[in-house]
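> I am attaching a structure below and will ask some questions about it afterwards.
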Amino acid sequence: MSPLLIDHPEVHQQFMHGGQNPFGRIPVDQTIEETVNRDTQTAGGTKGFSLKRAAVERYYLTSEYRSNYLKQLRRMVGRGMSHFSHPDLQMSRITRDEADVQAIVKLVEDDWTNPFDPTKVSLSAF
1 MSPLLIDHPE
11 VHQQFMHGGQ
21 NPFGRIPVDQ
31 TIEETVNRDT
41 QTAGGTKGFS
51 LKRAAVERYY
61 LTSEYRSNYL
71 KQLRRMVGRG
81 MSHFSHPDLQ
91 MSRITRDEAD
101 VQAIVKLVED
111 DWTNPFDPTK
121 VSLSAF
């Protein structure tokens, strides 16, 4: 981003003038909030936390310290960070998803007009 003014002056100009689209900030704000929530390990984070700007600012400004304190506390009590395991990556979920996919394939191939069968001339309207 440092040579942006030199390499892409029109983009730099747009950044400097900003925009009037309030919805453009939503994904950025969500990303920041979710990242801070994950790093500080707080349930819910600032969602429903406060509508007061100063309170939210204090929350974010102290998040680094809270995160560090939690890490030290976990180390003191002998509880390290658990390995990340998303529910969608567990074997039971993978097996269930594969069974669901196979059921849909069977339905399309056996019970409906198969859109991938070259011997079928036309599809029926649903």
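Here the sequence shown stands for residues 1 to 126, where the numbers follow full-length UniProt numbering.
Glycine residues also receive a C-beta, built at the ideal position from the N, C-alpha and C atoms.
In three-state terms, what does DSSP make of S2?
S2 falls in the coil class under three-state DSSP.
> Measuring straight from C-alpha to C-alpha, what distance separates N68 and R74?
Spanning the two alpha carbons is a distance of roughly 10 Å.
> Rounded to whole angstroms, what is the Cα-Cα separation between D88 and I94?
7 Å
> Could you tell me the alpha carbon to alpha carbon distance between D7 and Q30, rounded to whole angstroms?
29 Å
> In the DSSP assignment, the alpha helix (DSSP H) including residue 130 goes from what residue to what residue?
Here the chain covers residues 1 to 126 and nothing more, so residue 130 does not appear.
> Excluding five sequence neighbours on each side, which residues of the same chain lie with their C-beta closer than 7 Å to the C-beta of V11?
L4
> Quick check on DSSP: helix, strand or coil for P115?
coil
> What is the C-beta distance between K120 and N114, in whole angstroms, given that I count them as a contact (C-beta under 8 Å)?
6 Å
> Taking just the CA atoms, how far does Y65 sit from A99?
46 Å
> Does DSSP classify Q90 as helix, strand or coil?
coil
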